[in-house]
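Working notes, structure below.
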Amino acid sequence: MTMAPGTATAGPALSTAPSLADTYLRLVGCCEALDARVAPPGPGTAGRFSGAELTESQDTLNAFVDAEAARIRRRGQTARRDVAASRALHDYLWSVSLLMSGAWYLDRRVPRIQPSEVRLDLTTGAFEVTPTSDFACLPDDPAALLPGARVLGHEEALRAELRSAVADHVRPLLTAIGPAVRRGPRALWGMVADDLVSGIWHLGRTLGQEERAIRDATELLPTGIPPFPGGAGFRRLTGREGQRYPTRTRLGCCLYYTLAPDQACLTCPRTCDAERVRRLEAAD
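Read the sequence shown against my numbering and you will find it ends at 284, with the numbers running on by one and no gaps.
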């Protein structure tokens, strides 16, 4: 994974960029599953397409899905067109949501990442993010006085800003890719909610802070808050010797089970609680 710090350019809207670059670098450094690098403003790396281009060009969107289908074939599997589209969308949602939610989790800062500020390598699936957005923060944040920082009064206002930032970023992509995925708005927004929650959960586990991550994700989505159709929905399963395991059931589906029927996701609605406990105990 290659990482290079972002650089600020003139203008108040960009003055928070060094702080955001530092946060992104820490996030990528501690979350190996997030395949991303921090890039300076300017032309993107050759062969990468921005999130905006995915929504503006049908050819680029088709290439986005084709690239995912090719990666699946390299693993010795074959995917229906809607499955490849769903898997490509899932990876985008998880990665871009985590760039925003990870900054919130680590530093209580919420960047407004625009689709034009994210670039994707269609061959590898790796992301670039340019930290040129402003961010929202709380009054006690050391960066609160920076031009471009938007100070919000309390934690719930910051959570609302994160929900809004994620929804605003992904809405055009859901509209563009919906026909290829062959699912309606509720199912698509269920995927967004799942990937927003699961990214926070994954980051917390990576940092040895699973209970905090579950608490934060539950406070972020305590229930369905439009456009998200449901909440984090964490619950506990009990193992054979009394161990307690946190789990949740996805609101949407990434269709991974169509590629590996015997390896459905641990939080898939198709995976019963007994199977979840069996896998969790085996992993201990």
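All C-beta atoms in this analysis are idealised placements derived from N, C-alpha and C, irrespective of residue type, glycine included.
{"Asked": "Our contact map puts Leu237 next to Arg212 with C-beta atoms below 8 Å; I'd like the distance itself, whole angstroms only.", "Found": "Going by Cβ atoms, the distance from Leu237 to Arg212 rounds to 20 Å, so no, they are not a contact pair."}
{"Asked": "Use the C-beta contact count for Leu152: other C-beta atoms within 10 angstroms, 16 or more gives buried, fewer gives exposed.", "Found": "buried"}
{"Asked": "Considering only the alpha carbon of each residue, which of Tyr245, Arg235, Pro179 and Asp168 lies closest to Val65?", "Found": "Pro179"}
{"Asked": "Report yes or no: do three or more beta-carbon pairs, one from the stretch 185-195 and one from the stretch 62-76, lie closer than 8 Å?", "Found": "no"}
{"Asked": "Grab me the residues of Arg109's own chain with a C-beta within less than 6 Å of its C-beta, minus the 5 sequence neighbours each way, in chain order.", "Found": "Ala103, Phe135 and Cys137"}
{"Asked": "From Pro111 to Val166, what distance separates their C-alpha atoms?", "Found": "10 Å"}
{"Asked": "For the 8 Å Cβ check, are there 3 or more pairs between the stretch 219-226 and the stretch 260-274?", "Found": "no"}
{"Asked": "Alpha carbon to alpha carbon, how far is Glu128 from Ser86? Give it in angstroms, no decimals.", "Found": "21 Å"}
{"Asked": "Taking Cβ to Cβ, would you say Leu89 is nearer than 8 Å to Leu34?", "Found": "no"}
{"Asked": "In whole angstroms, what separates the C-alpha of Thr124 from that of Pro139?", "Found": "40 Å"}
{"Asked": "Select from Ala63, Glu68 and Tyr105 the residue whose C-alpha is nearest the C-alpha of Cys31.", "Found": "Tyr105"}
{"Asked": "Near Pro222, what residues of its chain come up, given a Cβ to Cβ distance below 8 Å and the 5 sequence neighbours on each side ignored?", "Found": "Gly231 and Ala232"}
{"Asked": "Could you pull the DSSP bridge partners for Tyr257 from this structure?", "Found": "In the DSSP output, where bridge partners are listed per residue, Tyr257 has none listed."}
{"Asked": "Is it the case that the Cβ atoms of Thr175 and Pro41 are separated by a distance below 8 Å?", "Found": "no"}
{"Asked": "Would you check if the distance between the CB atom of Val192 and the CB atom of Leu54 is smaller than 8 Å?", "Found": "no"}
{"Asked": "Got a sec? Which residues, its chain only, sit under 6 Å from Gly252 by beta carbon, not counting five neighbours each side?", "Found": "Ala187, Gly190, Met191 and Asp194"}
{"Asked": "Just verifying my parser: in three-state terms, what is the DSSP assignment at Phe234?", "Found": "coil"}
{"Asked": "For Ala274, which option in Tyr245, Val181 and Arg48 has the closest C-alpha, if you only look at C-alpha atoms?", "Found": "Tyr245"}
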